[in-house]
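Mapping to numbering that gives the first Met the number 0: the sequence shown position 102 is 101, numbers consecutive. One structure is given below, encoded as structure tokens.
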Amino acid sequence: MSENKIKPVKNIDDVELMDFGSPGGKFKAKLGRIGPVVGTEKLGAMVTIVEPGKIAFPFHVHHELEELFYVIEGSGEYRFGEETYPIRAGDVLAAPTGGPDRAHQIINNSDQKLKYLAISTIREPDVVEYPDSGKFLVFSQSEGGNPQTARVRFIGRPEMSIGYFDGEDD
């Protein structure tokens, strides 16, 4: 087998994890990208481990990228639109595309770690809305759907918008 060939099998426990979150804040998790490691091209997959009392990501909704979560271990709550649902190991959570009524967030409100697998389509460009903070993210040309690696990326608020011809006639 060639050293450069991707092996299509990887155990979740062997995935390399990286720290993610806001220093000293409520957002803190360990993330491990799986999709690119096993060679998927149109599906993203990531293992997420959230410590007690923490949250991995802000409340958000994608316009193009659809997500599905599988709770591997632990418990918490799933905030979806205006509703909140208790979740536990074995639960499958849907996060379809849309507007604020489909925004979602997984919260570890327990006293044990929460581990889940996130599976998503990879569709770009994508727009992500954050209803709690009133901001949005636009990104394109990323590595495997990861906004952090996108060649084109912008985070802002609608009031920051400029006119279509701004700077064009100079």
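Where a beta carbon is used, it is the ideal one built from N, C-alpha and C, also for glycine. Being a predicted model, the structure only gives us computed values, none of them experimental.
Of the residues F153, M45, K41, V37, the one whose Cα lies closest to the Cα of A28 is M45.
Taken atom to atom, the span from the alpha-carbon of I154 to that of P146 is near 10 Å. Burial is judged here by how many other beta carbons sit within 10 angstroms of a residue's own beta carbon; E128 has at least 16 and is buried. Membership of P35 in any beta strand (DSSP E) is not indicated; the residue belongs instead to the alpha helix (DSSP H) covering 34-37. Annotation: the continuous beta strand (DSSP E) that includes I86 extends over 82-87.
Under the three-state reduction of DSSP output, R156 falls in the coil class, being neither helix nor strand.
For R78, the enclosing beta strand (DSSP E) has its first and last residue at 74-79. Within its own chain, the residues whose Cβ lies closer than 7 Å to the Cβ of E76, once the five positions on either side in sequence are excluded, are T83, Y84, P85, I86, I106, N108, listed in chain order. DSSP places I11 within a helical segment (H, G or I) once states are collapsed to three. The region 121-135 and the region 45-63 touch, with no fewer than 3 CB-CB distances between them shorter than 8 Å.
Going by C-alpha positions, A102 is about 22 Å away from M159. Within the DSSP secondary-structure output, Y115 pairs in a beta bridge with T47, V70. Cα atoms of G162 and R156: separation of roughly 14 Å, rounded to the nearest angstrom. Taking C-alpha positions only, V151 is separated from G97 by approximately 22 Å. Boundaries of the beta strand (DSSP E) harbouring S139: 134-139, taken from the DSSP string. Between E40 and T120, the C-beta spacing is not below 7 Å.
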